[in-house]
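This report concerns only the one structure given below.
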Ligand code: AGP
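In structure tokens:
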């Protein structure tokens, strides 16, 4: 949520900042801006600031931007929390003297009180943002030492921040973190930092993940880290493994399409080295025998994979599983203790609600496990044990390969627990799991057929997705995908629930998609399809093979290969990802950056 990038070195900083913002734009895209330390005709240093409402292209196409010259600067791409998206509310924010500029990711909860005090002291505010108080506080405390001024500022603020500050008088960038990620990249004669490691890949692979309540002083080719009390910290340098190629579109029109198509490889990478001779190889630092209950916490798509996880873990291990929205769990004083395992599922590993739920559970003594994609992310660092997805960077706001790899990881986890509890594994399931990447390649062949179907629904206003058992959460996921990128109102339900309400909505304007692949409840789903058809609804069904009986009642079919029940959500969700993608693309919408959304939600 919001992307920040800063650079200090020898190179012309503007192209570096713009390139970084481009890599970060998926984090927020309602406005963007840069602040650069420049030198004026009197040879005095000053801060030159340029910011624009709208996509990054609005900023980068400004004529003035080519005239900004300097080797140190900060830049920001915004996802609005306080104050509408416009030029003034865009970051960076400057102080009254225009000597100091800051960029901020997060929320300053006590900004109104601080703003009032600052206004009484004579500060004039330009924007409606919470962040602007940071610029004025740094100004208030600045007496020549930028780091000290930032420290004093942070002592006063409540809330979350990933912050960068520069001053015309100093040749250093001060960054600080509480709750919003910042990664520092180290080069021979430059230092760069960003809210996401992907933005650093063009420059360096040697990185340091700044921790909460730490600040760093970035200078040309050096970085010093300390906590807010001034105690020096070690530079724990790590190596990024992702390649630049992995975060590019590789000829696809959108990241989302690329990421859908990458699923065979993503799953292969998730499985790699984790199944050997029919045994599951995971290194989990957990006493599995002592676990009496599992609670899964997550948000959005990750919550949907948690729901499927419940069906699978309970069936396989007989350990009771609850699944909670992280945002609800964190505030409801949950019944959790040392005998419980909390599984936090998150693609980004930075989702504020999931992180808070995890911390709440830790406070209550629970054991914790993370199922996370982004290596080194905050949740990944705070859990006792973890399973990385290895899906590679997911840039499209609509999550696709993270979902299917989360399901793969949950299957591995369930099998592993069963094995460690001394139970025999189902060989057929383990074998079929290993074959999953090639089954998914076959499912991807439905792409053109789904595109044809999508053409019939671009004018739809509503959509219903129905499924049962492990495929009920797949219906929820299909509905979420469609609404977030095509802006069509969509709901997911367990098919049998239709008669308890949603059936009232069925008419010729209501498309209903059934996940009707072979399962124990196939006959019941067929009855539901008939009920919709009898009321004039448009029906689409995902089925396993030509099926005369079902085809009598459906308008459109999507055929996917048959698989075991446990793996069916991974197969069945793929046509739903395509459907959402093609409906949105045919409507001419910005698939990778849907309105009002951001990839990583690091605010409450
Ligand atoms: C999925 O398409 C969404 N954009 C969103 O629901 C997402 O899954 C949710 O915000 C959780 O993110 P996380 O997995 O990074 O924690």
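Numbering (the numbering used here), first residue to last: 33 to 636. Where is the CB? At the ideal position from N, CA and C, for every residue including glycine. Here the structure is a predicted model, which means the values were calculated and not measured.
Could you pull out every residue in the same chain whose Cβ sits closer than 7 Å to the Cβ of residue i, ignoring the five residues on either side in sequence?
i: residue 305; result: 313
i: residue 425; result: 230, 274, 278 and 279
i: residue 507; result: 497, 498, 499, 524, 525 and 547
i: residue 396; result: 368 and 369
i: residue 288; result: 428, 430, 432, 613, 623 and 624
i: residue 155; result: 128 and 168
i: residue 587; result: 570, 571 and 572
i: residue 394; result: 400
i: residue 48; result: 39
Leaving out five residues before and five after residue i in sequence, what residues of the same chain have Cβ atoms less than 6 Å from its Cβ?
i: residue 483; result: 614
i: residue 117; result: 62, 63 and 85
i: residue 610; result: 479 and 482
i: residue 448; result: 312 and 314
i: residue 87; result: 61
i: residue 272; result: 229, 237 and 239
i: residue 296; result: 469, 472 and 473
i: residue 178; result: 199, 202 and 206
i: residue 50; result: 92
For residue i, count the other beta carbons within 10 Å of its own beta carbon; 16 or more makes it buried, fewer makes it exposed. Which is it?
i: residue 109; result: buried
i: residue 140; result: buried
i: residue 276; result: exposed
i: residue 536; result: exposed
i: residue 124; result: buried
i: residue 409; result: buried
i: residue 269; result: exposed
i: residue 105; result: buried
i: residue 364; result: exposed
i: residue 94; result: exposed
i: residue 151; result: exposed
i: residue 101; result: exposed
i: residue 477; result: exposed
i: residue 639; result: This structure leaves residue 639 out entirely; the chain is present only between 33 and 636.
Less than 8 Å between C-beta atoms, sequence neighbours within five positions excluded: which residues of the same chain meet that for residue i?
i: residue 503; result: 547, 549, 551, 600, 601 and 604
i: residue 558; result: 548, 581, 582 and 585
i: residue 318; result: 373, 399, 401, 416 and 417
i: residue 562; result: 585
i: residue 153; result: 172
i: residue 466; result: 303 and 307
Do residue j and residue i count as a contact pair if the criterion is CB distance below 9 Å?
i: residue 435; j: residue 333; result: yes
i: residue 40; j: residue 320; result: no
i: residue 299; j: residue 461; result: no
i: residue 228; j: residue 253; result: no
i: residue 197; j: residue 36; result: no
i: residue 4; j: residue 612; result: Limits of the chain in this structure are 33 at one end and 636 at the other, which puts residue 4 out of reach.
i: residue 160; j: residue 121; result: yes
i: residue 648; j: residue 338; result: Any question about residue 648 goes unanswered here, given that the chain covers just 33 to 636.
i: residue 510; j: residue 538; result: no
i: residue 593; j: residue 406; result: no
i: residue 91; j: residue 52; result: no
i: residue 544; j: residue 495; result: yes
i: residue 211; j: residue 192; result: yes
i: residue 391; j: residue 414; result: yes
i: residue 345; j: residue 442; result: yes
i: residue 188; j: residue 209; result: no
i: residue 158; j: residue 107; result: no
i: residue 530; j: residue 450; result: no
Throw me the rounded Cβ distance for the residue i and residue j pair, which I believe falls under 8 Å.
i: residue 616; j: residue 518; result: 4 Å
i: residue 325; j: residue 352; result: 5 Å
i: residue 81; j: residue 67; result: 5 Å
i: residue 138; j: residue 194; result: 6 Å
i: residue 232; j: residue 206; result: With a Cβ gap of about 18 Å, residue 232 and residue 206 do not count as contacting.
i: residue 384; j: residue 635; result: 6 Å
i: residue 487; j: residue 528; result: Residue 487 to residue 528, Cβ: 31 Å. No contact.
i: residue 11; j: residue 437; result: As displayed, the chain neither begins before 33 nor continues past 636, which places residue 11 out of reach and without an answer.
i: residue 597; j: residue 575; result: That belief does not hold up - the Cβ atoms of residue 597 and residue 575 are roughly 15 Å apart, past 8 Å.
i: residue 618; j: residue 520; result: At roughly 12 Å, the Cβ-Cβ gap does not stay under 8 Å, so residue 618 and residue 520 are not in contact.
i: residue 411; j: residue 386; result: 6 Å
i: residue 79; j: residue 133; result: 5 Å
i: residue 606; j: residue 292; result: 7 Å
i: residue 371; j: residue 323; result: 7 Å
i: residue 43; j: residue 103; result: 6 Å
i: residue 329; j: residue 261; result: In fact, because the Cβ distance is near 31 Å, the residues do not count as touching under 8 Å.
Cβ contact check for the region 399-411 and the region 371-384: 3 or more pairs under 8 Å: yes
Cβ pair count under 8 Å reaching 3, the region 164-177 against the region 142-156: yes
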